[in-house]
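Under this note's numbering, think of the first position of the sequence shown as 6, with each following residue one higher. For glycine and all other residues, C-beta sits at the position ideal for the given N, C-alpha and C. Since the structure comes first, as structure tokens, the remarks are kept for the end.
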Amino acid sequence: MWNEQRGAEAMELPHAAAEAALPELEPTGHDEVDAALLRLGQLAERPTGGHAELYDDVHQRLQEVLAQLDQQR
């Protein structure tokens with residue numbers, strides 16, 4: 006059942022999320038990891054529909070770093 010108050014709250018969520026500040030990222034000591042995490046700062050500039058693509062890219066970059074670390078062992 007539709008609840009007008011909840012519906013109004015849900016309509017405000019994207020706006021509220023857009024105004025939320027992202028936390029300052031601390032360097033990890035791994036340049037490739039830091040570069041991947043910095044990409045998350047682009048989320049605010051993208052429409053919500055583009056977020057999955059950016060998350061996928063960051064995830065892929067982090068997987069590549071982990072694979073490189075495994076090969077160094």
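Use the C-beta contact count for Ala41: other C-beta atoms within 10 angstroms, 16 or more gives buried, fewer gives exposed. Ala41 should be labelled buried.
Could I get the ranges of all uninterrupted alpha helix (DSSP H) runs contained in the region 43-72, with 4 residues as the minimum, in chain order? Counting only runs of 4 or more, we get nothing.
Selected residue, minimal CA-CA separation from Arg44, among Asp75, Pro52, Arg66 and Thr33: Closest option to Arg44, judged by alpha-carbon separation, among Asp75, Pro52, Arg66 and Thr33: Arg66.
Is the CB-CB distance between Glu37 and Val70 below 8 angstroms? Result yes, Cβ atoms of Glu37 and Val70 sit closer than 8 angstroms.
Got a sec? Which residues, its chain only, sit under 7 angstroms from Gly55 by beta carbon, not counting five neighbours each side? Excluding positions up to five away in sequence, the list is empty.
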